[in-house]
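Residue numbering for the sequence shown is -14 to 380, as defined by our numbering. Virtual Cβ for every residue (Gly too), placed ideally from N, Cα, C.
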Amino acid sequence: MRVILMTGKGGVGKTSVAAATGLRCAELGYRTLVLSTDPAHSLADSFDIELSHEPRLIRSNLWGAELDALMELEGNWGAVKRYITQVLQARGLDAVQAEELAILPGMDEIFGLVRMKRHYDEKEYDVLIIDSAPTGTALRLLSLPEVSGWYMRRFYKPLQKMSVALRPLVEPLFKPIAGFSLPDKEVMDAPYEFYEQIEALEKVLTDNTQTSVRLVTNPEKMVIKESLRAHAYLSLYNVATDLVVANRIIPDQVTDPFFQRWKENQQQYRQEIHENFHPLPVKEVPLFSEEMCGLEALERLKETLYASEDPTQVYYKENTIRVVQDQNQYSLELYLPGIPKDHIQLNKTGDELNVRIGNHRRNLVLPQALAALQPTGAKMEEDYLKIRFADAVSR
């Protein structure tokens, strides 16, 4: 299955681009699902058709759906939800409040990943297009396999085994005092089963022959800055970006003096987009004279974006992480375009290298060749952070 994730700053037009991409894929004969994982859904508005949690046929070979976190919760997390509700009610909350609070923060992102994994396993579709949340939320979603794996390996798995072993001994004393039971095996197993699904999905997300992110941006300073940060963070998580869509460019035929300054600024920012994202290909889309709503308008956007092209192609393939050996020296190279070296923090613990850029962090499990070595230095060279490793004796 080909997986394409559309992301960008809120309001840049990523939903329209996702919908138009779905139209073109379906036109080429691919069974295509466009799935919105953005809590503030607008995919149904873009197609101008009512959509729900389950895929709905829009036209031949094209389906659309909007993720409903409550339905995913019930279907995949029912035992945990019931237990959390029981705990909250025992602490004095009424049933309605307890039900609402049982949906923990961040579950939208988790269920988005689980839904992707389910469609990937079922193989009902040839192409899955994700209309994801704005970049910040989307990046948290893509980092979940890394972050959840770190906690699951170190904390949850030992706790799970301990809880199952102690429950029969402690439960008779615990329930009369606390007013609720200790979590049973079904409740304790659910989070780890989620983690196993997410861990399996990570292999799909980081396989750049199957999965690509497409960044939708506008020729505006703040939007470009956020898109550049997103590109670097995606590389940090080893998720490939293969295309940038520069949307809402004022056409040359607009000659009204009111737009002259705006057009001049856009010209400067268009050049910055091409330069800063190089060597990624950039597609430019004009500002249309009507709202991109409904199949007729999306058809025009589809023609502008792809013409006779196949959107499922990988437009650019970049190896974002590589290990290089030079005689007895090793270096780990991370593709982090546009990030100054002084914004990057490195820390090695055991066989893991912690890379932090701002408030984004990744724990890289090092290859065996590097796990016993220590980082001796780092430099930025041609958008790659090159980290040198050596053993303690040779340092």
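Rounded to a whole number of angstroms, what is the C-alpha to C-alpha distance between residue i and residue j?
i	j	result
D30	D53	16 Å
R341	Q330	5 Å
A359	G335	Checking the sequence, you will find Gln at residue 359 rather than Ala. Going by the C-alpha atoms only, they are around 10 Å apart.
K333	E39	44 Å
G(-7)	I115	12 Å
K66	H26	24 Å
G404	L113	This structure gives no information on residue 404, because the portion of the chain shown stretches from -14 to 380.
D368	A357	27 Å
K364	V224	22 Å
K287	A11	11 Å
L290	G60	37 Å
V229	R307	23 Å
E205	I34	31 Å
L86	P176	17 Å
W247	G343	32 Å
K302	D241	41 Å
L20	T361	45 Å
Kindly indicate which residue of the options has the alpha-carbon position closest to the one of residue i.
i	options	result
R209	H259, R41, K287 and G362	Before going further, note that residue 209 is Ile rather than Arg in the sequence given. Answer by Cα proximity: H259.
E366	L338, L317 and R347	L317
F262	E84, S274 and T202	T202
L338	E51, P325 and F374	F374
K102	L36, E181 and Q74	E181
V267	F273, E276, E257 and I235	E257
D227	M56, D241, H345 and H216	H216
A354	L272, D79, N313 and K108	N313
L219	G323, K248 and L28	G323
V189	N46, D106 and K287	D106
L200	D192, I34 and L213	L213
K371	L28, Q310 and E281	Q310
V2	L73, C278, T191 and I43	C278
V296	G(-4), L8 and K(-1)	In the sequence under discussion, the amino acid at residue 296 is Pro, which differs from the Val named in the question. When only C-alpha atoms are compared, the closest one is L8.
G(-2)	P271, E109 and R100	P271
If contacts are defined as beta-carbon pairs under 8 Å, then residue i and residue j qualify, I think. What distance do you get, rounded to the angstrom?
i	j	result
I(-11)	S293	Not really, about 18 Å apart at Cβ, beyond 8 Å.
G97	T22	4 Å
M(-9)	Q195	16 Å between Cβ atoms; not a contact.
A5	L283	5 Å
Taking 8 Å as the cut-off, is the C-beta of residue i nearer than that to any heavy atom in the ligand SAH?
i	result
K(-1)	Among the components of this structure there are no ligands whatsoever, and the ligand SAH is therefore not found.
Please report whether the beta-carbon of residue i lies at a distance below 9 Å from any beta-carbon of chain D.
i	result
A354	Absent here is chain D; the protein component of the structure consists of one chain.
The segment 345 to 358 in contact with the segment 300 to 320 per 3-pair CB rule at 8 Å: yes
Sequence ranges, beta strand (DSSP E) only - wholly within the segment 320 to 364, length at least 3: 329 to 334, 337 to 342 and 345 to 350
Given 8 Å, three or more beta-carbon pairs between the segment 235 to 254 and the segment 322 to 329: no
Any alpha helix (DSSP H) of 4 or more consecutive residues that is wholly inside the segment 279 to 325: 280 to 291
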